[in-house]
Every structure is written in C-alpha cells, then in structure tokens.
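Going by the numbering used here, the sequence shown opens with residue 14, and the numbers climb by one from there. One structure below.
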Amino acid sequence: MVQKLVLKNEVLKIKGRVKVIMVKKDDFDKILKLTKLRILNKEYEALVPPLDNLQKNTIDVNGLATLLQEYYTDLFYGVGSINTTTPAQMVLTTSGGTTTLSYNSNIKSNSQGVTLFMQVFQENNSYTFQYYYVGFDTTNSSYTTSQIELYVSAGSGSTLYSYTDLVRIAYTNLTFTKTSDSFLFIVWLIEFQNIPSYLVPFTPILQNNFDVYQSANSTYIIYFNNNNCNFTCGGNCPSSNLNGFITHVQNNSVILEFPTTISSTTSISNIDILFCVTGTYNFMPRFSGNISTTLSPPVSGASYYAITVTITVTYQVS
C-alpha cells in the first residue's frame, strides 16, 4: 500500500509594485532623499527616490517557477552557476527597440543602471522580505516606452557562492516618454510577505548589495515518532532529510513539493511527524522553526507500507 499525505500546505504571498518618476535635470538633487532602511535590527541609510505610492504590476509566474527551480537545485544539490550573474536588469521596450538598464551599485549622473536595496522586517513570529530595485537613466537619451520588464537573480552559498540565471520576475505595460532634458527613475518592489519562521528558508534570497545569502549549513529534517524515541528537533527518532522536489505552475501560483518516503512492515494507524527547519545566513541571524502533526493513513491488509509525506509550499502572486 502506498499513500501520499500532505504534511503542510503553506501559502507565501509575493507582491510586485512599480512606479516611474520623471524629473527635470535641475531637480535631480530634490528627488533623491536620504532614507532609513532596515534589515532586522540593522539600520542603514540610502539615497533613493520616494519609495511610496507604487502601483500594481504583473508577477511573471513562469519566471518565478524557473527562479525557484534553479535556487533549490543549487541549495539542495550544489548545482548552480559559479560565474557571476548580474543581480538585476530592467528592459524597456521603446519605439526604437529596447533599452536595457543593468545593475550598478550606485545612482550616478550621465549613466544608466539598476541598483537595489533590501529590507527584512520581523513582526511577532512572521517575516517580510523586501527588495527595492531602482532603475535610472540620467543620460541625454530620449525614447517612448510601452513596457518595462524586471529581471532578477537569486544566489546561495551551497558550496561556492553560486547564482541562478537572470529571469524575468515581473513586468508592466506602461507608456511614458523620457526627454533629453529629463532624468528617469523606476522604483520596483518585489516583496515576500508574512513568512513564519520555519518557512524563511523556503524564501529564495535574491541577489542583493548586502551579500545576504543562505548557506549550505541550512537543514530540512522530517522526524517520525515510533513511540520509542525522543520526538524533538535534533532527537533520535527516525528521520529523513528533504532531498528532492517538484515545481509546477497552477493558476496564479507556483507549487513547490518536497516528498519523502518511509516504510514499515506493520500496519500504521497514526503517524506523528515533526518538521524542523534551520536556515543559516550570511549577514543575518540564523532562522529556525518547526511544525508537527498527526497523520492517519488508511489501514489495509497489505504486508508492506510506504508512506510518502509531502511538504507543500504555494507561492501565490499578487
């Protein structure tokens, strides 16, 4: 008898927002403000355009699925590109073709680029990860756009520091005209919202200019209570690491499933399961958490039982 049981179906919400700011060259110094940002208990200041009043865009669900697939392949198997991938790009579709703004750590005069600023907040036992991408064009160029696309990369320190490919994660149909006597700023927010502590390691860390990444020391362990063991995280109960996953797109969400299997030659009426997660990060504190449940598979006269327990995480975009 083989029975698939879902331990937990969690929903992580991903939001994207964007706005365009056009200013005359003489107002360049007025638009950039020194703003306080925060990564948990660490505060820093950044010179950025206003970050409020952003409008809804479209999250590219297929791009998000590709990003997750590559990120967890790297994190679990150490298979990723060790060649430097630019952290971000914005591609502007214009009447004359396309204009590409590529990563640049600082906003500069007479240049084009994308810089980014990361924030992480904690409220009670829930976390929010924010990435503000700021595209800029302070050159004398002029063009009219019809669409803007945001491309990002995630990274981890699984073995060597490695990267996902650059993938489109969001886009918006937006018409505006940049003139030769104006400066362009595009503020784009990608946000992972309301994440419980035990799901923080399931949040892909996008490349950022603070060198925050998840390391190979992170652990994902499922414990099975056989009524003759210490049923706690780090205890001596039979256990299994997450070592494989399936990714698929469903409607406006990406479904990430981590199946693991146990077997028994005796009938099982109830299974107590404890899922323990620890995420180790550069620059940030270690995250840990757990969740437990009792599952009741059907009992039959079979002589061999294989129970596939699946951790399911749904990434819902808005």
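In this text, a Cβ means the ideal position worked out from N, Cα and C, and glycines have one as well.
Legend entry - Assumed close pair N123, T152 - CB separation to whole angstroms, cut-off 8 Å: Contact check for N123 and T152: beta-carbon distance about 6 Å, within the 8 Å limit, so the pair qualifies.
Inset, instruction - State the Cα-Cα distance for the pair F41 and G126, rounded to the nearest angstrom. - result: Taking the straight line from one Cα to the other gives about 16 Å.
Legend entry - Per DSSP, the bridge partner or partners of K191: DSSP output for K191 lists Y156 as bridge partner(s).
Legend entry - For T71 and P214, the rounded distance between their alpha carbons: Using only the alpha carbons, I get a separation of about 25 Å.
Inset, instruction - Starting from the N-terminal side, write out each stretch of the alpha helix (DSSP H) that is 4 residues or longer and does not extend beyond the stretch 95-167. - result: Scanning the stretch 95-167 for uninterrupted alpha helix (DSSP H) segments of 4 residues or longer gives nothing; none is fully contained.
Inset, instruction - Out of T245, T216 and K32, state which residue places its alpha-carbon closest to the alpha-carbon of N66. - result: When each option's Cα is compared against that of N66, the closest is K32.
Inset, instruction - Would you mind reading off the limits of the beta strand (DSSP E) that contains Q220? - result: Element bounds for Q220: n/a, residue is neither H nor E.
Legend entry - Residue closest to E83, alpha-carbon to alpha-carbon, out of V322, R299 and T260: For E83, the closest of V322, R299 and T260 by C-alpha to C-alpha distance is T260.
Inset, instruction - Examine the Cβ distances between the stretch 52-62 and the stretch 74-83 and report whether three or more of them are shorter than 8 Å. - result: The stretch 52-62 vs the stretch 74-83: no contact.
Inset, instruction - Quick one: give me the first and last residue of the alpha helix (DSSP H) that A78 is part of. - result: For A78, the uninterrupted alpha helix (DSSP H) segment begins and ends at V74 to Y90.
Inset, instruction - Return the first residue and the last residue of the alpha helix (DSSP H) that F41 is part of. - result: For F41, the enclosing alpha helix (DSSP H) has its first and last residue at F41 to I44.
Inset, instruction - Could you check which residue in M35, V104, I304 and G257 has the C-alpha nearest to that of Q160? - result: Considering only alpha carbons, the answer is V104.
Legend entry - Given F258 as reference, the closest of L88, E56, T48 and R299 once Cα atoms are compared: Selection L88, E56, T48 and R299 evaluated against F258 yields L88 as nearest (Cα-Cα).
Legend entry - T172 in three-state terms, based on DSSP: Here the model assigns T172 a pLDDT of 49, short of 50, so the residue's position is not dependable, and the following value carries that caveat. Residue state for T172 is assigned as coil, using DSSP reduced to three classes.
Inset, instruction - Using a threshold of 9 Å, state whether the C-beta atoms of Y328 and Y226 are closer than that. - result: Against a cut-off of 9 Å, the Cβ pair of Y226 and Y328 comes out as no contact.
Inset, instruction - Measure the beta-carbon distance from A359 to L219 and round it to whole angstroms, keeping in mind my assumption that it falls under 8 Å. - result: Outside the modelled stretch of the chain, which goes from 14 to 331, sits residue 359, for which no answer is possible.
Inset, instruction - State the DSSP-derived secondary structure class of F215, mapped to helix, strand or coil. - result: Residue state, collapsed to three classes: helix.
Legend entry - Range of the contiguous beta strand (DSSP E) that encloses K350: Any answer about residue 350 is impossible in this case: the structure gives the chain only from 14 up to 331.
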